[in-house]
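*Asks:* For the first sequence, the numbering used here assigns the number 3 to the initial residue and increments by one for each residue that follows. Cβ atoms here follow ideal geometry from the backbone N, Cα and C, with glycine treated the same way. Sharing a structure with you now.
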Amino acid sequence: MGTDISDIVVSHETSLKDQGNQTFSIDTYNILYQLLSNVRQYDGMPLMDSHGNVTSHLYGIFYRTINLLENKIRPVYVFDGKPSPLKNRTISERQLMKEKAKVELEEAIERGEEDLRQYYSRINYITPQIVNDTKKLLDYMGIPYVDAPSEGEAQASYMTRKNVDGVISQDYDCLLFGARKVLRNFAIYGRRKVPRKNIYKTVYPEYIILDEVLSANQINQDQLIGIGILVGTDFNEGIKGIGAKKALALIKKEGDIKAVLRRIGKDIENLDEIIDFFKNPPVVDYDFRFGKPDTDAIEHFLCDEHDFSRERIRDHLESLKKNNQASTQFRLDSFD
DNA sequence: CCTTTTAA
DNA sequence: TTAAAAGGG
Numbered sequence: 003m004g005t006d007i008s009d010i011v012v013s014h015e016t017s018l019k020d021q022g023n024q025t026f027s028i029d030t031y032n033i034l035y036q037l038l039s040n041v042r043q044y045d046g047m048p049l050m051d052s053h054g055n056v057t058s059h060l061y062g063i064f065y066r067t068i069n070l071l072e073n074k075i076r077p078v079y080v081f082d083g084k085p086s087p088l089k090n091r092t093i094s095e096r097q098l099m100k101e102k103a104k105v106e107l108e109e110a111i112e113r114g115e116e117d118l119r120q121y122y123s124r125i126n127y128i129t130p131q132i133v134n135d136t137k138k139l140l141d142y143m144g145i146p147y148v149d150a151p152s153e154g155e156a157q158a159s160y161m162t163r164k165n166v167d168g169v170i171s172q173d174y175d176c177l178l179f180g181a182r183k184v185l186r187n188f189a190i191y192g193r194r195k196v197p198r199k200n201i202y203k204t205v206y207p208e209y210i211i212l213d214e215v216l217s218a219n220q221i222n223q224d225q226l227i228g229i230g231i232l233v234g235t236d237f238n239e240g241i242k243g244i245g246a247k248k249a250l251a252l253i254k255k256e257g258d259i260k261a262v263l264r265r266i267g268k269d270i271e272n273l274d275e276i277i278d279f280f281k282n283p284p285v286v287d288y289d290f291r292f293g294k295p296d297t298d299a300i301e302h303f304l305c306d307e308h309d310f311s312r313e314r315i316r317d318h319l320e321s322l323k324k325n326n327q328a329s330t331q332f333r334l335d336s337f338d
C-alpha cells in the first residue's frame with residue numbers, strides 16, 4: 003500500500019502530547035483498514051453487535067478520537083471519494099488478494115486451525131454502512147469530517163497548505179501530495195503486528211516534515227514525486243529492482259524521472275497523468291468546525307443500537323465533553 | 001486497535 | 001507498581 007520511500011525519509015520520534023494544540027487531518031480510510039484488520043477477537047472475528055453488524059471501527063474511532071482530544075489534538079476526518087481510474091490496477095490487485103485470502107481462510111478452517119486472525123485480517127471491506135456509521139458517530143461527537151472528491155490522502159495533504167497542521171496517515175504518499183507534515187504511528191499504544199507473524203513490536207509515534215526530507219536529500223518536490231513513482235505508487239507499478247535509495251541517486255544524477263527512464267530504458271504507463279495527479283489532485287476547500295458532543299445520541303447509537311457497554315461509554319463521555327470544549331474554543335479564537 | 005483485568 | 005493477557009461488541 004502506498005509508496006515505500008521510508009529509506010530516504012527523515013522522521014522524528016514524538017508523542018501525542020508533544021503534538022498538542024494542533025489540528026490534523028486524518029486519512030480516515032487508512033485508519034478504518036487498520037481498525038478493521040486489528041480490532042479482533044481471539045478467533046479472528048471482528049467485534050460485532052447482536053444483529054451481526056461489524057463494530058470494530060466504531061470502537062476504534064470512538065476511543066482514538068477521545069485520545070487525540072485528551073492530548074489537545076484537533077482531528078478532522080477525511081473520507082475517500084471516487085477513486086481515480088489510474089488506481090484501477092491497484093484496486094483489482096487488492097480484490098484478488100482478498101479472494102486468495104478467503105480461499106486460504108477456508109483451508110485453515112478445514113484444517114481445524116484455531117487462530118484465524120491472520121486470515122481474517124486480510125479480508126476487510128469498507129462498506130457504505132461502515133462509512134455511514136463512522137460519519138454518524140463523528141457527527142454526534144462534534145468532530146468535523148470532509149468528503150474528498152477523490153483520494154482522501156490528497157485532500158488531507160492539501161489541507162496542510164490551508165487550515166490544518168499535518169496529516170495523520172501511515173502512507174508516505176502524503177508527502178508526494180505535498181503534505182507539509184505527516185504523523186505516523188499515532189496510536190497511543192505503540193503495538194504493531196509484524197506482518198504474517200504473531201509477534202508484536204513497539205513502534206513510536208513519529209512526525210515527518212516535508213521540507214526536511216527535501217533539503218536532507220537535496221531534491222525538490224518534483225524529484226520526490228519522481229522517486230515515488232520509480233519505487234511504485236497506488237497508480238503505477240514501479241521499476242523492478244529500484245528502491246528509494248537507488249531512485250534517489252538516479253534522480254539526482256539525471257535530474258528528473260523522464261531522464262532516468264530514458265537512461266535505464268524503461269517506460270511507465272500514464273506517466274504524465276500520474277505526475278499531474280500528485281501535483282494537482284482533485285480537492286475541495288473546506289471550512290470545518292468543531293461542535294458540542296451530543297452525549298445522549300452517542301450513548302443511544304453505541305449502547306442501544308450497537309451493544310456497547312453503557313458504563314464504559316459513559317466513563318469516556320465525560321472526557322469527551324471536557325476536551326472537545328477546547329476544540330470548540332479553538333474555532334472561536336481563530337476565526338473571530 | 002484500546003481498555004480492563006490478572007499475574008508477577 | 002508494572003507488564004502481560006484477556007476482553008471488547
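Among the residues of its own chain, which have a CB less than 6 Å from the CB of LEU304, if the five just before and after it don't count?
*Replies:* PHE310 and ILE315.
*Asks:* Report back the beta-carbon spacing between VAL166 and CYS176 to the nearest angstrom; my notes put them in contact at under 8 Å.
*Replies:* Not a contact, Cβ separation roughly 12 Å.
*Asks:* Could you tell me which uninterrupted alpha helix (DSSP H) segments, each at least 4 residues in length, are contained entirely in the segment 104 to 183, listed from first to last along the chain?
*Replies:* List check, alpha helix (DSSP H) in window: 119 to 122, 130 to 143, 154 to 161 and 175 to 178.
*Asks:* Could you tell me the boundaries of the alpha helix (DSSP H) in which TYR61 lies?
*Replies:* First-last of the alpha helix (DSSP H) with TYR61: 58 to 72.
*Asks:* Would a C-beta distance cut-off of 7 Å place GLU106 and TYR122 closer than the cut-off?
*Replies:* Taking 7 Å as the Cβ cut-off, GLU106 and TYR122 do not qualify as a contacting pair.
*Asks:* Can you grab the Cα-Cα spacing for the pair ILE10 / VAL215, in whole Å?
*Replies:* Answer to the nearest angstrom: the Cα atoms are 7 Å apart.
*Asks:* Taking 7 Å as the limit between beta carbons, can you name the residues of its chain near SER17, skipping five residues before and five after?
*Replies:* These residues qualify, in order along the chain: PRO207.
*Asks:* State the Cα-Cα distance for the pair ASP51 and PHE292, rounded to the nearest angstrom.
*Replies:* Roughly 29 Å separates the two Cα atoms.
*Asks:* Do you know whose CA, among LYS260, LYS84, GLY245 and LEU60, lies nearest GLY154's CA?
*Replies:* Measuring from the Cα of GLY154, the nearest candidate turns out to be LYS84.
*Asks:* Can you list, in chain order, the residues of its chain with a C-beta nearer than 7 Å to that of GLU108? Leave out the 5 residues immediately preceding and following it.
*Replies:* Excluding sequence neighbours, GLU108 sits near nothing in its chain.
*Asks:* Decide if TYR209 is buried, meaning its Cβ has at least 16 other Cβ atoms within 10 Å, or exposed.
*Replies:* By the 10 Å Cβ count, TYR209 comes out buried.
*Asks:* Let's see if you can read the secondary structure: which residues bound the beta strand (DSSP E) around GLN24?
*Replies:* Where GLN24 is concerned, the enclosing beta strand (DSSP E) stretches over 24 to 29.
*Asks:* Alpha carbon to alpha carbon, how far is ASP117 from LYS199? Give it in angstroms, no decimals.
*Replies:* Interpretation of LYS199 is limited by its pLDDT of 48, a score under 50 that renders its predicted location unreliable; the figure taken from the coordinates is listed afterwards. Between LYS199 and ASP117, the C-alpha separation is close to 12 Å.
*Asks:* Let me check understanding here. Comparing Cα to Cα, which of HIS318, PRO295, GLY257 and ASN73 lies closest to ASP141?
*Replies:* For ASP141, the nearest C-alpha among the options comes from PRO295.
*Asks:* Taking 7 Å as the cut-off, decide whether the C-beta atoms of ILE227 and LYS268 are in contact.
*Replies:* No. Outside cutoff.
*Asks:* What separation, rounded to the nearest whole angstrom, lies between the Cα atoms of GLN172 and VAL184?
*Replies:* Going by the C-alpha atoms only, they are around 8 Å apart.
*Asks:* Compare the Cα-Cα distances from ARG265 to each of SER8, GLY257 and ARG186 and report the closest residue.
*Replies:* Checked all of SER8, GLY257 and ARG186; the closest Cα to ARG265 is GLY257.
*Asks:* Quick check on HIS302: buried or exposed, where buried means 16 or more other Cβ atoms within 10 Å of its Cβ?
*Replies:* Looking at its Cβ environment, which holds fewer than 16 other Cβ atoms inside 10 Å, HIS302 is exposed.
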